[in-house]
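Visitor: Before anything else, here's the structure in question.
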Amino acid sequence: MKRNILALQSEMDMIFELSRNGRSGYQVPPTSDQLPEFEIPQELRRNAAPRLPEVSENTTVRHYVNLSTRNHHIDKDFYPLGSCTMKYNPKVNDEMSALPGFAGLNPWQTGATAQGAMQLMYELSDALLEVTGMDDITLQPAAGAQGEFAALLMFRAYHQKNGNPRKRIIIPDSAHGTNPASIILAGYAVTQLPSDSNGLMDTEALKRALDEDVAGLMITNPNTLGLFESNISKIIDLVHEAGGLVYMDGANLNALMGISRPGDMGFDACHMNLHKTFSTPHGGGGPGSGPVAIKEKLTRFLPVPVLTKTKAEFAWDWDRPDSIGSVHSFYGNFGMHVRALAYIKSMGGDGLRAISENAIINANYLRKKLSPAYQVFVDKPCMHEVVLSGNLQKQKGVRTTDIAKRLLDFGIHPPTVYFPLIVPECLMIEPTESESRETLDEFVEVMMQIDREASESPDLLKQAPYTTPVRRLDEAGAARNLNIRFYDDIR
Amino acid sequence: MRYIPNTPDDRSAMLRDIGVSSFEDLLTAIPKDLRYQKPLNIAPGKSEWEVRREMEAMALKNQNAMSTPCFMGAGCYDHFVPSAVNALASRSEYATAYTPYQPEVAQGTLQVIYEFQTMISELFAMPAANASLYDGGNALSEAVSMACAHTKRRRVVWTEAVNPAYRRVARTNNVAHGVTFDTAPCANGCQSNEDIAMLLSEDVAAVVLQYPNFYGVVDDLKKLIERIHTAGALAIVVSDPMAMGVLAPPGRFGADIVVGEGQSLGNFMSYGGPYLGLFACTMELVRLMPGRIVGVTKDLDRKRGFVLTLQTREQHIRRDKATSNVCTNQGLIATRATFYLSLVGPQGLRDIGNACGRRAAYLISKLRDVPGFGFPHSGPHFREFLLRVPGKAEEFFDHMAAHGVLAGVPLVRLGLADERGLLVALTETRTLEDMDLYVSLAQKYVAEGKR
Ligand SMILES: Cc1ncc(COP(=O)(O)O)c(C=O)c1O
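Written out as structure tokens, the structure is:
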């Protein structure tokens, strides 16, 4: 029997296992008899139909509704996944992106038939420039990683224009994995510098690493430890003096709105994750949006097309001889632009600052409340996230993974774990402004209980979770016996 | 502040617990001169009602496919989206979850992606598919990198009948690695061995074909791919999932990598995004695959479960040695495609394919009788064809738009030189009346001597 008394823990069928010959959940719109047949040579016709499921609409709905209940999500409960900014995603934003006047637009529609869409992108651009203090922007990148890459290509084009693309980009060892990966894609080598004992960029190490081969520096601010890089002006000056450019990974912009601006700090470029700071839903892994804001010296290199505004109308400018090209087939994830602008309009300038203030207060509150039991990696006021080490619990024989898995039994999504790499047994906690004080207090209670369990019954934690749809999964086995589709054969 | 629960009282109490007397005390790490002292110059927060009104006003300024018959395509199509797709995809469980890093509480997302991978691999008849990339252009660009990494070669040949927008992205994303591109012409809109062979040599990593091609023409891939393989190059096929109910899949012809745009599968056109980059390849190449892959495994109780797998390819583990920098991809769009394909099934996909093909054949046959309109390409067309209009395509587009029809995509908008060329697409949502209206407006255009 497949069903289990705990229904949520029953093994679920796959949609293909529900398939029965001749069932269907779709009826095609009619085609008039007057129309000719679709003529296609025999050798180009499909003989064996693709084995898509044959199920009714209700079977489809029931299957995917049931599957959905096996997910944790921000509308259900706390999701303090550091660096990911799991904030509430307002419902009105989704409805706005589904308006026929937005959802029904073909991207090749010209100015006259798509002025409203272009106006929307223009207004969003203006707001993001105000928040970042930069001069110009592209909304094209579909996610943060693509924003990084697009900006690095602009750096390359800038140096090329000055005669030499240069060779290396510097990052701190606390950098997110997309930073080094984007650097390689942009044709540069990675120079990784160790952080100093306070978790910040080591300016002496930076000085030693700088030379005329360095194309630039990528740095996250606040960094992935949740700390503001206090020496940022000095750091940026040093890189500029060596002829390099400076990029801010803006994944953590939720800490800075109305508080401090990358442009004023001296950065040449930065990306934003609209799917973090500006509340667009994460969708179980996207779609996101990663606009890149830049200083004027990089404007000529922006990806095409560039959105322009004259008195009469908005237009797409393709005629940009120095452009790096395009990183998206069209203008980026427009549906996310709609949501982000709706959010900015709802919050307003004062509201954006309130977001950052509350995010910072919430993180510091957790820092303070958790510090009796957990080691705070750098015990100073943090920005929007606090990074703990599970070192004390490790001495009791419990790893950070075990703490994370045990949280699942309490219905709480674990923090980001084992990142940044420089923190042993790392737990990176980002509560966001969306959470109430009561939720934070509950989380603290649970974390304290888990710490007690670590002392009293460490084996309990090593087997956790117990209450989830599946127990711990054999990840190594999945890679060894690779099974990535339902059918064994190809037809 | 409707999205921020804590009140000023909560804040004060929390600051007290933290042990500071004011919020500013938490900002000591930020040098004074870097603290922004002014209010942001963004209008004050508005009620939901006001926000809706402003957004709706912008939406109303656009002429859209839901109220205007749309014959535009070129990589983005007005297919019907069933309500069940919207209803399921708007569930918080799918929409507001993160990437499935904690598999015990992400089995919903993970199983959906596994089912998605299976469906894509079935459509294209390819052994391995990933969880999605940003869009069609980015999928092509990752295919090019994969082919170069696999063959250790840096020259790529593609045909004129590969969507120029995708080619632009693939070029942008690969030039920093010294990859060079040569374009094979397509006489009569067909991709031919003669044209490609001229550019083939020992240093070619891959040849990129599109199927059905950019002009909607269905080329016979078999001979093309055989020829490509004799040169030791990989065959990359940009393919259309929507055609896979009626056309033999590229995997059947020996494609090494199949990529495509999955927008058609239950997603709106949405002015160019969010879309869905499809990526499938042979097992030989799977360890070079970009992006997320979901695999089956067992849990502690030997129960079936799903996890992200082969993660040692990815940036969060391998950093500068990763196969790609992609992190956040297009999860919810892939999810929508899964719901869509589940509803539509094999019969529905065949029906839609035939409906598109028949409509294209009908409109071609009717426009042939209108003086001044020409068809540079012969051969079987799936859903889309190139029309030569009398005079400039942009002017014809404006004439038609003024009469409430979005007539097609003028090629000049894609940076192509053909001023008279208009790419016309027909999905199953174009009615007989839509098509007859198109023809009568075209006749009027000629009769009124606009041309
Ligand atoms: C610090 C940091 N940088 C970059 C990224 C990459 O962003 P995305 O996933 O949107 O590509 C992330 C998030 O995953 C991040 O946390």
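In the order they appear, the protein sequences are chains A and B. First residue of the first sequence? That's 1 in this note's numbering, and the numbers climb one at a time after it. First residue of the second sequence? That's 1001 in this note's numbering, and the numbers climb one at a time after it. Every residue, glycine too, gets a C-beta built ideally from N, C-alpha and C.
So is A:Asn-521 in contact with chain B if we call contact Cβ pairs under 8 Å?
Guide: Nothing in the structure corresponds to residue 521 of chain A, since chain A is present only between 1 and 491.
Visitor: My output table needs one value for A:Thr-60: the three-state DSSP class, helix, strand or coil.
Guide: As a working mapping, residue 60 of chain A is identified with position 60 in the first sequence. Residue state, collapsed to three classes: helix.
Visitor: A:Thr-280 lies in the beta strand (DSSP E); which residues open and close that run?
Guide: For the purposes of this step, residue 280 of chain A is taken as the residue at position 280 of the first sequence. Unbroken run through A:Thr-280: none, as it is neither H nor E.
Visitor: Using a Cβ-Cβ cut-off of less than 7 Å, give me the residues of the stretch 1165–1185 of chain B that come near chain A, in sequence order.
Guide: Residues passing the 7 Å Cβ filter: Ala-1165, Tyr-1166, Arg-1168, Val-1169, Arg-1171, Thr-1172, Asn-1173, Ala-1176, His-1177.
Visitor: Could you tell me which chain B residues have their CB closer than 9 Å to the CB of A:Thr-69, listed as they occur along the chain?
Guide: Here the question's residue 69 of chain A lines up with position 69 in the first sequence. What A:Thr-69 touches in chain B: Glu-1093, Gly-1108.
Visitor: Quick one: which residues of the stretch 230–254 of chain A get their C-beta closer than 8 Å to a C-beta of chain B? List them in chain order.
Guide: Per Cβ criterion, the list reads Ser-230, Ile-232, Ser-233.
Visitor: Quick test of your reading: A:Pro-90 and A:Tyr-487, contact by CB under 8 Å. State the CB separation rounded to the nearest angstrom.
Guide: Locating residue 90 of chain A in the first sequence gives position 90, where the first residue counts as 1. Locating residue 487 of chain A in the first sequence gives position 487, where the first residue counts as 1. A:Pro-90 to A:Tyr-487, Cβ: 41 Å. No contact.
Visitor: For the candidate residues A:Asp-77, A:Pro-29, A:Arg-23, whose alpha-carbon lies nearest to that of A:Leu-52?
Guide: If you number the first sequence from 1, residue 52 of chain A lands on position 52. It is A:Arg-23.
Visitor: From the DSSP output, in three-state form, read off A:Gln-109 for me.
Guide: On the first sequence, residue 109 of chain A is found 109 positions in, with the first residue counted as 1. Coil, per DSSP.
Visitor: Does A:Pro-420 get closer than 8 Å to chain B when you measure Cβ to Cβ?
Guide: Within the first sequence, numbered from 1, the residue matching residue 420 of chain A stands at position 420. It does not; no Cβ of chain B falls within 8 Å.
Visitor: Taking the alpha-carbon positions, what's the A:Arg-452 to B:Ser-1021 distance?
Guide: Position 452 of the first sequence, counting from 1, holds the residue named residue 452 of chain A. Position 21 of the second sequence, counting from 1, holds the residue named residue 1021 of chain B. If you take the alpha carbons of A:Arg-452 and B:Ser-1021, they lie about 32 Å apart.
Visitor: Let me know the secondary structure DSSP gives A:Lys-87 once reduced to three states.
Guide: Residue 87 of chain A sits at position 87 when you count from the first residue of the first sequence. If DSSP states are grouped into helix, strand and coil, A:Lys-87 belongs with coil.
Visitor: Checking contacts by CB at 8 Å: is A:Tyr-158 closer than that to chain E?
Guide: Reference to chain E is not applicable here, since the protein chains of this structure are A and B.
Visitor: With distances taken Cα to Cα, identify the nearest neighbour of A:Ser-457 among A:Phe-410, A:Asp-474, A:Gly-477, A:Ile-403.
Guide: Counted from its first residue, the first sequence places residue 457 of chain A at position 457. Nearest C-alpha to A:Ser-457: A:Ile-403.
Visitor: Chain B beta carbons: is any one of them nearer than 8 Å to that of A:Ala-269?
Guide: Along the first sequence, read from residue 1 onward, the residue named residue 269 of chain A stands at position 269. Answer no: the Cβ-Cβ gap between A:Ala-269 and chain B never drops below 8 Å.
Visitor: On the three-pair Cβ rule with 8 Å, is the stretch 413–429 of chain A touching the stretch 465–472 of chain A?
Guide: Touching, no, given that fewer than three Cβ pairs across the two stretches are closer than 8 Å.
Visitor: Using CA atoms only, rank isn't needed, just tell me which of B:Pro-1212, B:Val-1157, B:Asn-1064, B:Asp-1010 is closest to B:Met-1198.
Guide: Counted from its first residue, the second sequence places residue 1198 of chain B at position 198. Of B:Pro-1212, B:Val-1157, B:Asn-1064, B:Asp-1010, the residue nearest in Cα terms is B:Val-1157.
Visitor: Runs of 4 residues minimum, wholly inside the stretch 1303–1364 of chain B: which ones carry the alpha helix (DSSP H) assignment?
Guide: The stretch 1303–1364 of chain B contains these whole alpha helix (DSSP H) runs: 1315–1318.
Visitor: Spatial neighbours of A:Ala-205 within its chain, please: C-beta separation below 6 Å, excluding the five flanking residues on both sides.
Guide: Counting from one through the first sequence, the residue named residue 205 of chain A turns up at place 205. Closer than 6 Å at Cβ, skipping near neighbours: Leu-193.
Visitor: Does ligand 1 have even one heavy atom less than 7 Å from the beta-carbon of A:Asn-21?
Guide: The count along the first sequence starts at 1 and reaches residue 21 of chain A at position 21. Checking every heavy atom of ligand 1 against the Cβ of A:Asn-21, none is found closer than 7 Å.
Visitor: Could you have a look at B:Ser-1239 and say whether DSSP puts it in helix, strand or coil?
Guide: Numbered from 1 along the second sequence, position 239 holds the residue referred to as residue 1239 of chain B. DSSP places B:Ser-1239 in strand when its eight states are reduced to three.
Visitor: Determine whether the beta carbon atoms of A:Leu-81 and A:Glu-430 lie at a separation below 8 Å.
Guide: What you label residue 81 of chain A is simply residue 81 of the first sequence in a count that begins at 1. What you label residue 430 of chain A is simply residue 430 of the first sequence in a count that begins at 1. Result yes, Cβ atoms of A:Leu-81 and A:Glu-430 sit closer than 8 Å.
Visitor: DSSP three-state label for A:Ser-260, please.
Guide: For the purposes of this step, residue 260 of chain A is identified with residue 260 of the first sequence, where counting begins at 1. Coil.
Visitor: Residues of chain B with a CB under 8 Å from the CB of A:Leu-35: which are they?
Guide: Within the first sequence, residue 35 of chain A is the residue found at index 35, counting from 1. Here the neighbours are Arg-1358, Arg-1359, Ala-1361, Tyr-1362, Leu-1432.
Visitor: Cβ-heavy atom distance between A:Thr-178 and ligand 1 below 7 Å?
Guide: Within the first sequence, numbered from 1, the residue matching residue 178 of chain A stands at position 178. Result yes, Cβ under 7 Å from ligand 1.
Visitor: Between the stretch 44–61 of chain A and chain B, which residues of the former have a C-beta closer than 8 Å to a C-beta of the latter?
Guide: Of all residues in the stretch 44–61 of chain A, Leu-44, Arg-45, Arg-46, Asn-47, Ala-49, Pro-50, Arg-51, Leu-52, Pro-53, Glu-54, Val-55, Glu-57, Thr-60, Val-61 have a Cβ within less than 8 Å of some Cβ in chain B.
Visitor: Look up B:Phe-1396 in the DSSP assignment and give the residues it is bridged to.
Guide: As a first step, residue 1396 of chain B must be located in the second sequence, where it is residue number 396. B:Phe-1396 pairs with nothing; no bridge assigned.
Visitor: Who are the near neighbours of A:Glu-43 in its chain, counting only those whose CB is closer than 7 Å to its CB and skipping five residues on each side?
Guide: Position 43 of the first sequence, counted from the first residue, corresponds to residue 43 of chain A. Closer than 7 Å at Cβ, skipping near neighbours: no residue.
Visitor: Does the CB of B:Pro-1250 have a neighbour CB from chain A at under 8 Å?
Guide: Here the question's residue 1250 of chain B lines up with position 250 in the second sequence. No - not a single Cβ of chain A is within 8 Å of the one on B:Pro-1250.
Visitor: Does the Cβ of A:Ala-189 have 16 or more other Cβ atoms within 10 Å, making it buried, or fewer, making it exposed?
Guide: Counting from one through the first sequence, the residue named residue 189 of chain A turns up at place 189. By the neighbour-count rule (16 or more Cβ atoms within 10 Å), A:Ala-189 is not buried but exposed.
Visitor: Tell me, to the nearest whole angstrom, how far the beta carbon of B:Met-1014 is from that of B:Gly-1408; I am working on the premise that it is less than 8 Å.
Guide: Taking the first residue of the second sequence as 1, we reach residue 1014 of chain B at position 14. Taking the first residue of the second sequence as 1, we reach residue 1408 of chain B at position 408. Not a contact, Cβ separation roughly 59 Å.
Visitor: Using a beta-carbon distance below 8 Å, is B:Gly-1391 in contact with chain A?
Guide: The count along the second sequence starts at 1 and reaches residue 1391 of chain B at position 391. Output row for B:Gly-1391: interface = no.
Visitor: Flag A:Asp-173 as yes when its Cβ comes closer than 7 Å to any non-hydrogen atom of ligand 1, and as no otherwise.
Guide: As a first step, residue 173 of chain A is located in the first sequence; it is residue number 173 there, counting from the start. Result no, Cβ not under 7 Å from ligand 1.
Visitor: What in chain A is Cβ-close to B:Cys-1070, meaning under 7 Å?
Guide: Your numbering for residue 1070 of chain B matches position 70 in the second sequence. Ordered by position in chain A, the residues that pass the 7 Å Cβ test against B:Cys-1070 are Asn-106.
Visitor: Starting from the C-beta of A:Ser-279, find all residues in its chain whose C-beta is less than 8 Å away, skip the five residues before and the five after it, and write them out in chain order.
Guide: Against the first sequence, residue 279 of chain A aligns to sequence position 279. Contacts found: Lys-87, Tyr-88, Asn-89, Pro-90, Asn-93, Arg-339, Ala-340, Tyr-343.
Visitor: Taking C-alpha atoms, which residue in A:Ala-476, A:Lys-368, A:Asn-391, A:Leu-427 lies nearest to A:Leu-440?
Guide: Looking up residue 440 of chain A in the first sequence gives position 440. Ranking A:Ala-476, A:Lys-368, A:Asn-391, A:Leu-427 by Cα distance to A:Leu-440 puts A:Lys-368 first.
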